[in-house]
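Chains as they are written, first to last, in this note's numbering: chain A, 863 to 1059; chain B, 863 to 1059.
Number of protein chains: 2
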Amino acid sequence: MEKTPRAQLDRETWIQTALDTLADEGVTGVRVEVLAKRLHVTKGSFYWHFKDRQDLLSGVLETWKDGRIRDIIKQTRPEAGSEEAQIFRVIDVYSTSRNRKGILIELAMREWARRDEAAAAIVEEVDTWRLRCARELFLACGVPMHEASTRSMLLYAYVFGVSMMNYEKFDGDVARMKDDIRALIAHSQTPQASAKD
Amino acid sequence: MEKTPRAQLDRETWIQTALDTLADEGVTGVRVEVLAKRLHVTKGSFYWHFKDRQDLLSGVLETWKDGRIRDIIKQTRPEAGSEEAQIFRVIDVYSTSRNRKGILIELAMREWARRDEAAAAIVEEVDTWRLRCARELFLACGVPMHEASTRSMLLYAYVFGVSMMNYEKFDGDVARMKDDIRALIAHSQTPQASAKD
DNA sequence: TGAGAACCATACGGTACCGTACTGAAAGTG
DNA sequence: CACTTTCAGTACGGTACCGTATGGTTCTCA
């Protein structure tokens, strides 16, 4: 992925490397001379493909946005009868460490959005898509409108939040806790028979 | 707070300014020459109070940790009968924009923790305290052990997650949604009568 | 095969940092 | 009032960046 000795680079390659670096170091870490080193070229190449650093960052935003929107649409495409399974899958995608890089990019993106108008607009667009798509799933499960909105909001706040916590030292069966939370978010009812006392 | 013309500075002042800068710019933004400018001195002062930049950062971590632990203990100190109100308060502290700076520091801290062992250890310690204290509150409300663990985890994941989302463009009564989520997290029962259809 | 386009390397000036060494001034203390 | 301690200023070398200018390859295609 970054060892082709004679290959020519293009915008996409630079943007992908920028995304990798974004995940590892955050926006402030995506610096042109660093990326160049990572790709085994000099920045002479970079400034041929891009006007300046900002040009690259704009490309990163667009690429990420398109990918995320395509993704959420695919994940929530109506599959009559299995809507609840789809909700579980949406939660799992960002709850497991199977998608570590995606989660890191997600967090870096939001960190970026806190300090940059353009990034904030992109994240807002993506979040809106996600909330709307998840709500559709809840509606398809028979959940009424307002509650569907509420649950989709809780769903995303939870998955992002949990990816930011350090709970390794907390005593408790974390795996089971996560299962219960997932059920609590997805079901109209409380986790069955977790009742009082 | 940063206009005393002849005053001598001490470690605490530098650390406080570092925390302010941390909230605005993240760890990579707390640079000694920048802080010096903000305090209207030169870095000659800084290097008298601190060995180097890392020394300052360690101080920031300790200060933050102590403050957060003191805080959560205070917030969850048993007040027989009003445990549920206390849970609501814990949620509100990080869900409203009344505590903007605290939230920004919280997020910056976790961003830092993703790339630094020392910061990660501090955040883990703070999170563990919070989860344990919140669980005590749920236990005092009569919630059984495992569910108390689960709910306190959901509580914190939610408040951190929601502080990272951009949902302004999402159509829905966000204020009411937040109220419902709070109730869903706090109550043993589902939000009463939010029923189906 | 030769001219132009596409692509990358090299070299440069400029800025923003870190950390050190040293100097200078004010505050406390006998 | 000397004299020391406590602080802050100044000046320096070093690194890591950004962006530009310009030259050198390699590819394309008539």
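Built from N, CA and C at the ideal position, the CB exists for glycine as well.
- According to the DSSP assignment, F908 of chain A belongs to the alpha helix (DSSP H) that extends over 905-911.
- A residue is called buried when at least 16 other Cβ atoms come within 10 angstroms of its Cβ; I935 of chain A does not meet this threshold and is exposed.
- In the three-state reduction of the DSSP assignment, A885 of chain B falls in the helix class.
- For S1014 of chain A and I967 of chain A, the gap between their C-alpha atoms comes out near 21 Å.
- Each residue's CA atom was taken as its position, placing I949 of chain A and I877 of chain B some 44 Å apart.
- A contact between stretches requires three or more CB pairs, one per stretch, nearer than 8 Å, and the region 1016-1023 of chain A meets this requirement with the region 944-960 of chain A.
- Within 9 Å of the CB of E998 of chain A, no CB atom of chain B is found; the nearest one sits about 13 Å away.
- The beta carbon of D872 of chain B does not come within 8 Å of any beta carbon belonging to chain A, so the residue lies off that interface.
- The region 981-990 of chain A makes contact with the region 911-930 of chain A, as at least three CB pairs between them are under 8 Å.
- Taking a Cβ-Cβ threshold of 9 Å, none of the residues of chain A is close to R900 of chain B; the smallest such distance is about 17 Å.
- Taking 8 Å as the cut-off, the beta carbon of T938 of chain B is found no closer than this to the beta carbon of A1010 of chain B.
- Within the region 1020-1035 of chain B, contact with chain A at the beta-carbon level (separation under 9 Å) is assigned to Y1020, V1021, F1022, G1023, V1024, S1025, M1026, M1027, N1028, Y1029, E1030, K1031, F1032, D1033, G1034, D1035.
- Here G1023 of chain A carries a helix assignment [DSSP, helix/strand/coil].
- For F1032 of chain A, there is no enclosing alpha helix (DSSP H), as DSSP marks it with neither H nor E.
- For L918 of chain A against A880 of chain A, the beta-carbon gap comes to about 6 Å, under 8 Å, which counts as contact.
- For T925 of chain B, the enclosing alpha helix (DSSP H) covers residues 915-937.
- With a threshold of 16 other beta carbon atoms within 10 Å, T875 of chain A meets it and is buried.
- Look at the region 976-991 of chain A: the residues with a C-beta under 8 Å from a C-beta of chain B are R976, R977, A982, V985, E986, E987, D989, T990.
- Counting the other Cβ atoms within 10 Å of the Cβ of G888 of chain B gives 16 or more, which makes it buried.
- For Q948 of chain A, the enclosing alpha helix (DSSP H) begins and ends at 945-957.
- Taking 8 Å as the threshold, the shortest C-beta distance from Y1018 of chain A to chain B falls below it.
- In the structure shown, D1042 of chain A falls within a helical segment according to DSSP collapsed to helix, strand and coil.
- G888 of chain A belongs to the set of residues whose beta carbon lies under 8 Å from a beta carbon in chain B.
- In the three-state reduction of the DSSP assignment, D978 of chain A falls in the coil class.
- For the pair H1008 of chain A and V1036 of chain B, the Cα-to-Cα distance works out to about 10 Å.
- Non-local beta-carbon contacts of A1002 of chain B in its own chain, meaning distances under 6 Å to residues more than five positions away in sequence, involve E945 in chain order.
- Between L969 of chain B and S1025 of chain B the beta-carbon gap is near 7 Å, inside 8 Å, which marks them as a contact.
- In this structure, I1047 of chain B lies away from L999 of chain B, with their beta-carbon atoms at least 8 Å apart.
- Only residues of its own chain outside the window of five on either side were considered, and among them W991 have a CB closer than 6 Å to the CB of I931 of chain A, listed in chain order.
- Only those residues of the region 914-928 of chain A whose C-beta falls short of 9 Å from the nearest C-beta of chain B would be listed, and there are none.
- In the three-state DSSP reduction, H902 of chain A falls in the coil class, being neither helix nor strand.
- Rounded to the nearest whole angstrom, the CA to CA distance from D872 of chain B to T904 of chain B is 14 Å.
- Secondary structure of C1003 of chain A (DSSP, three-state): coil.
- Residues of chain B with a Cβ closer than 7 Å to the Cβ of T1012 of chain A are, in chain order, M1039, D1042, I1043.
- When DSSP states are grouped into helix, strand and coil, H1008 of chain A belongs to the helix group.
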